[in-house]
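Trainee: Quick one: the structure is below, questions incoming.
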Amino acid sequence: MRDIKNVLVVGAGLMGKNIAFVMTANPALNVTVTDVAEVDVRAGIIENCRQLVERGVITGAELDSRLERITFTTDKSGACYENADLVIEAVFEDMELKRTTFAALEEQCPPDAIFCTNTSVMSPTEISARLIHRGRFAGTHFWNPAHLIPLVEVVKSDATTDETAQAVMELLKSAGKVPVLCKRDVPGFIANRMQHALWREAVSIVENGIADAETVDMAVRYSFGLRLPQLGPLENADMVGTDLTYSIHEYILPHLESSGSPSPLLKSLRDAGDLGFKTGKGFRTWTPEESERCKEELYSYLIRALYGK
Ligand SMILES: NC(=O)c1ccc[n+]([C@@H]2O[C@H](COP(=O)([O-])OP(=O)(O)OC[C@H]3O[C@@H](n4cnc5c(N)ncnc54)[C@H](O)[C@@H]3O)[C@@H](O)[C@H]2O)c1
């Protein structure tokens, strides 16, 4: 495997900027970010890291020195492609765009450079289907906000080599992330499968008049939601016993939501233009101040939970 020194991030949007910043946590890495549009990557990262600096997680000087190792270009060819040891693609979530982006990258980057896609839900097997060197390709699913959420799901396609997956896991660890290996290319990978199983049930509870939206969120926040950062569901199953878990599942599973399509309530909100924060109304109503405060408080909570600051 190549020694990884030069990382190329393709796509300088919300995720690309934060991923570039994350990779500079490994002091040996230099990062180039490319985009089709001119993007002020530096200003974007400074804004995203505002709370980290204000709360003393990193100093302004550390941020500056990490920013010095990030270069932005709109060039479609040149040294940043020829010297790339690892590429992380974070362009729009569009299968054809991702495929053509990687086809162009394959023409310019070394044949053993590792290729990663930050797709949220698309199959790495499908994205890499037309590539020549498919073994060096893997999914790296960072979570938003990528500079705070530790998890990255490393997703093997049907062709990803163990060596590639291992090298990507090691590199992510060296940048302070918590990589987990998704051994099979399945929709939703690992964490989104669980997250959306919960959301489906949450919507169903509201739809069936069992509780309102605010109550559903409270029920999570003040019960198992508090335990989750310390006790995963399977640790919890072992703690209470697989016998008790079996009995509970035998009784309750037939009553849980199992629809294979989005709920009619969710569809009616979407169709009515009640899109949540974007329009001020979704499952609940939100003033602009409330939605802004909700986002700020999330960052604040994450920093406290992760860094104790
Ligand atoms: N936003 C999230 O919460 C989130 C979370 C996890 C994964 N993702 C995934 O990450 C990827 C990027 O999402 P985002 O939210 O950063 O999107 P975004 O819209 O903020 O940014 C996408 C960027 O890609 C650029 N781009 C488009 N075509 C390009 C090309 N051919 N070459 C170079 N740059 C190009 C755009 O100009 C834009 O700056 C998507 O696949 C998305 O599904 C997003």
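Numbering (this note's numbering), first residue to last: 541 to 849. All residues carry an ideal CB built from backbone N, CA and C; glycine is no exception. Predicted model, so just to flag it, every value in this text is computed and none were measured.
For glutamate 646, count neighbouring Cβ atoms within 10 angstroms of its own Cβ and tell me buried if that reaches 16, exposed if not.
Mentor: Start at 1 with the first residue of the sequence shown, and residue 646 comes out as number 106. Looking at its Cβ environment, which holds 16 or more other Cβ atoms inside 10 Å, glutamate 646 is buried.
Trainee: Would a C-beta distance cut-off of 9 Å place lysine 559 and asparagine 623 closer than the cut-off?
Mentor: Counted from its first residue, the sequence shown places residue 559 at position 19. Counted from its first residue, the sequence shown places residue 623 at position 83. Per the sequence presented here, residue 559 reads as isoleucine, with lysine not at that position. No.
Trainee: Short of 6 Å in beta carbon distance, which residues of its chain neighbour phenylalanine 817, apart from the five on each side in sequence? Order them along the chain.
Mentor: In the sequence shown, residue 817 corresponds to position 277, counting from 1. Result list for phenylalanine 817: Trp826, Ser831, in chain order.
Trainee: Using C-beta distances below 8 Å, list every residue in its chain close to methionine 709, excluding the 5 sequence neighbours before and after it, in chain order.
Mentor: If you number the sequence shown from 1, residue 709 lands on position 169. Closer than 8 Å at the Cβ level, and outside the excluded window around methionine 709, lie Val694, Pro719, Leu721.
Trainee: How about aspartate 725 and threonine 641: do their beta carbons lie closer than 9 Å?
Mentor: Taking the sequence shown and counting its residues from 1, one reaches residue 725 at position 185. Taking the sequence shown and counting its residues from 1, one reaches residue 641 at position 101. It is not a contact, given that the beta carbons lie outside the stated cut-off.
Trainee: Within the region 560-648, note down every full beta strand (DSSP E) run reaching 3 residues or more, in order along the chain.
Mentor: Counting only runs of 3 or more, we get 570-574, 610-613, 626-629.
Trainee: Closer than 8 Å is the cut-off here; do at least three beta carbon pairs connect the region 727-743 with the region 569-582?
Mentor: No contact exists between the region 727-743 and the region 569-582.
Trainee: Quick one, are the C-beta atoms of valine 593 and leucine 607 less than 9 Å apart?
Mentor: In the sequence shown, counting from the first residue as 1, residue 593 sits at position 53. In the sequence shown, counting from the first residue as 1, residue 607 sits at position 67. Against a cut-off of 9 Å, the Cβ pair of leucine 607 and valine 593 comes out as no contact.
Trainee: Keeping to the same chain, check which residues put their C-beta closer than 6 Å to that of valine 547; ignore five residues upstream and five downstream.
Mentor: Your numbering for residue 547 matches position 7 in the sequence shown. Once the five neighbours on either side are set aside, the close Cβ partners of valine 547 are Met563, Leu569, Val571, Leu626.
Trainee: So is valine 780 buried or exposed if we call it buried at 16+ other beta carbons inside 10 Å?
Mentor: On the sequence shown, position 240 is the one that residue 780 refers to. Counting Cβ neighbours within 10 Å, valine 780 comes out exposed, since fewer than 16 surround it.
Trainee: Please report the straight-line C-alpha distance between phenylalanine 677 and glycine 749, rounded to a whole angstrom.
Mentor: Taking the sequence shown and counting its residues from 1, the one referred to as residue 677 is at position 137. Taking the sequence shown and counting its residues from 1, the one referred to as residue 749 is at position 209. Distance between the alpha carbons of phenylalanine 677 and glycine 749 is about 46 Å.
Trainee: Pick from Leu691, Gln770, Asp580: whose alpha carbon is nearest that of phenylalanine 729?
Mentor: If you number the sequence shown from 1, residue 729 lands on position 189. When only C-alpha atoms are compared, the closest one is Leu691.
Trainee: Give me the Cβ distance between isoleucine 610 and valine 581, rounded to the nearest whole Å; I'm assuming they're in contact under 8 Å.
Mentor: Within the sequence shown, residue 610 is the residue found at index 70, counting from 1. Within the sequence shown, residue 581 is the residue found at index 41, counting from 1. Sure, about 6 Å apart at Cβ, within 8 Å.
Trainee: Quick one: grab the DSSP three-state call for threonine 657.
Mentor: Here residue 657 corresponds to residue number 117 of the sequence shown, with the count starting at 1. Correct three-state label for threonine 657: strand.
Trainee: I'd like the span of the beta strand (DSSP E) that includes glutamate 693, first residue to last.
Mentor: The residue given as residue 693 occupies position 153 in the sequence shown. Per DSSP, glutamate 693 belongs to the beta strand (DSSP E) from 691-696.
Trainee: Pick out the complete alpha helix (DSSP H) segments inside the region 698-760, 4 residues or longer, and give them in chain order.
Mentor: Listed in chain order, the complete alpha helix (DSSP H) runs (minimum 4 residues) inside the region 698-760 are 702-714, 731-747.
Trainee: Cβ-heavy atom distance between tryptophan 683 and ligand 1 below 8 Å?
Mentor: By 1-based counting over the sequence shown, the position of residue 683 is 143. The answer is yes for tryptophan 683.
Trainee: Shortest alpha-carbon distance to glutamine 648 belongs to which of Leu671, Tyr621, Lys638?
Mentor: Residue 648 sits at position 108 when you count from the first residue of the sequence shown. Comparing Cα-Cα distances from glutamine 648 to each of Leu671, Tyr621, Lys638, the minimum goes to Tyr621.
Trainee: Taking 9 Å as the cut-off, decide whether the C-beta atoms of threonine 574 and threonine 599 are in contact.
Mentor: One-based indexing of the sequence shown puts residue 574 at position 34. One-based indexing of the sequence shown puts residue 599 at position 59. No, they are not a contact pair.
Trainee: Would you call histidine 687 buried or exposed, if buried means 16 or more other Cβ atoms sit within 10 Å of its Cβ?
Mentor: In the sequence shown, residue 687 corresponds to position 147, counting from 1. Result: buried.
Trainee: Look up asparagine 504 in the DSSP assignment and say whether it is helix, strand or coil.
Mentor: Residue 504 lies beyond the range of the chain shown here (541 to 849); nothing can be said about it.
Trainee: May I ask whether a heavy atom of ligand 1 can be found less than 8 Å away from the beta carbon of alanine 630?
Mentor: Within the sequence shown, numbered from 1, the residue matching residue 630 stands at position 90. Because some heavy atom of ligand 1 lies under 8 Å away, the Cβ of alanine 630 counts as near it: yes.
Trainee: What residue does the beta strand (DSSP E) around phenylalanine 677 start on, and which one ends it?
Mentor: For the purposes of this step, residue 677 is identified with residue 137 of the sequence shown, where counting begins at 1. From DSSP, the beta strand (DSSP E) with phenylalanine 677 extends over 677-682.
Trainee: If you compare alpha carbons, which of Thr680, Arg824, Pro828 is closest to leucine 805?
Mentor: Taking the first residue of the sequence shown as 1, we reach residue 805 at position 265. Minimum Cα distance to leucine 805 is reached at Arg824.
Trainee: Taking the C-alpha atoms as reference points, what is the distance between serine 840 and glycine 675?
Mentor: Numbered from its first residue, the sequence shown carries residue 840 at position 300. Numbered from its first residue, the sequence shown carries residue 675 at position 135. If you take the alpha carbons of serine 840 and glycine 675, they lie about 40 Å apart.
Trainee: Can you look up glycine 813 in the DSSP assignment and give me helix, strand or coil?
Mentor: Against the sequence shown, residue 813 aligns to sequence position 273. Looking at glycine 813 - three-state DSSP - the assignment turns out to be coil, as it is neither helix nor strand.
Trainee: Please report the straight-line C-alpha distance between glycine 772 and histidine 681, rounded to a whole angstrom.
Mentor: Locating residue 772 in the sequence shown gives position 232, counting from the first residue. Locating residue 681 in the sequence shown gives position 141, counting from the first residue. When rounded, the distance between both Cα atoms is 20 Å.
Trainee: Any heavy atom of ligand 1 closer than 8 Å to the beta-carbon of aspartate 615?
Mentor: In the sequence shown, counting from the first residue as 1, residue 615 sits at position 75. Aspartate 615 Cβ: outside cutoff for every heavy atom of ligand 1.
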